[in-house]
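Counting from 1, position 46 in the sequence shown corresponds to residue 46 in the UniProt record's numbering; the numbering is continuous, with no gaps. Here a beta-carbon is modelled for each residue, glycine too, at the ideal position from N, C-alpha and C. Here the structure is laid out as structure tokens; the discussion comes afterwards.
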Amino acid sequence: MFGAEAMVDYFVVEVNIKVEEPGEKNVHNNAFYAEETLLRSELEAMRDCNSLTARHWVVRNTRTCNRTGQLTSYKLVHGSNCLPLAGSEAKFLRRAAFLKHNFWVTTYSRRVGEGLATWVKQNRCLEEINVVL
Numbered sequence: 001m002f003g004a005e006a007m008v009d010y011f012v013v014e015v016n017i018k019v020e021e022p023g024e025k026n027v028h029n030n031a032f033y034a035e036e037t038l039l040r041s042e043l044e045a046m047r048d049c050n051s052l053t054a055r056h057w058v059v060r061n062t063r064t065c066n067r068t069g070q071l072t073s074y075k076l077v078h079g080s081n082c083l084p085l086a087g088s089e090a091k092f093l094r095r096a097a098f099l100k101h102n103f104w105v106t107t108y109s110r111r112v113g114e115g116l117a118t119w120v121k122q123n124r125c126l127e128e129i130n131v132v133l
């Protein structure tokens with residue numbers, strides 16, 4: 001398991017590669033593009049890996065640009081991962097509910113207590129706030 005705390009003024013984006021439909025923009029039927037989805041809330045940010053779409057996540061700073069004029073960011077790319085090889089009602093998943101998804105984003109808090117799955121049920125906003133991955 002990996003934990004990283006981003007500083008304030010960041011947002012998290014999921015990126016999936018999509019194949020362009022045949023047509024004027026794709027006359028040779030080999031075009032593709034990156035589709036970005038802003039993860040706005042904790043429940044939206046419970047995500048799973050998907051090698052078929054080259055899924056990855058980008059954490060962007062909303063206030064700082066690099067030399068090329070792009071927002072500064074870092075990219076998280078998954079390695080080989082799988083979800084638990086057990087039924088959704090397996091007893092161990094009650095105590096280890098974090099295993100139900102490969103990637104989680106939540107708000108930072110000094111308070112500890114609940115498990116991750118319980119903590120994110122509050123569905124707090126993740127935009128320009130101190131987040132934990």
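According to the Cβ coordinates, are Tyr10 and Arg67 closer than 8 Å? Residue 10 sits at position 10 when you count from the first residue of the sequence shown. Residue 67 sits at position 67 when you count from the first residue of the sequence shown. In this structure, Arg67 does not lie closer than 8 Å to Tyr10 by Cβ.
Do three or more CB pairs link the segment 101 to 110 to the segment 45 to 65 at distances below 8 Å? Below 8 Å, enough C-beta pairs join the segment 101 to 110 and the segment 45 to 65 to call them touching: three or more.
Whole-angstrom distance between Arg63 and Gly79, CA atom to CA atom: Looking up residue 79 in the sequence shown gives position 79. Looking up residue 63 in the sequence shown gives position 63. Whole-angstrom Cα-Cα distance: 30 Å.
Taking 8 Å as the threshold (C-beta atoms), are Leu93 and Leu99 in contact? For the purposes of this step, residue 99 is taken as the residue at position 99 of the sequence shown. For the purposes of this step, residue 93 is taken as the residue at position 93 of the sequence shown. Result yes, Cβ atoms of Leu99 and Leu93 sit closer than 8 Å.
Alpha carbon to alpha carbon, what distance is there between Gln70 and Leu133? Translated into positions along the sequence shown, residue 133 becomes position 133. Translated into positions along the sequence shown, residue 70 becomes position 70. About 22 Å.
Can you tell me the Cα-Cα spacing of Cys65 and Ser73, whole angstroms? As a working note, residue 65 is residue 65 in the sequence shown. As a working note, residue 73 is residue 73 in the sequence shown. Rounded to the nearest angstrom, the two C-alpha atoms are 9 Å apart.
DSSP state of Arg63, grouped into three classes? In the sequence shown, the residue the question calls residue 63 occupies position 63. DSSP places Arg63 in strand when its eight states are reduced to three.
Return the first residue and the last residue of the alpha helix (DSSP H) that Thr118 is part of. The residue you call residue 118 lines up with position 118 of the sequence shown. Leu116 to Trp119 is the extent of the alpha helix (DSSP H) around Thr118.
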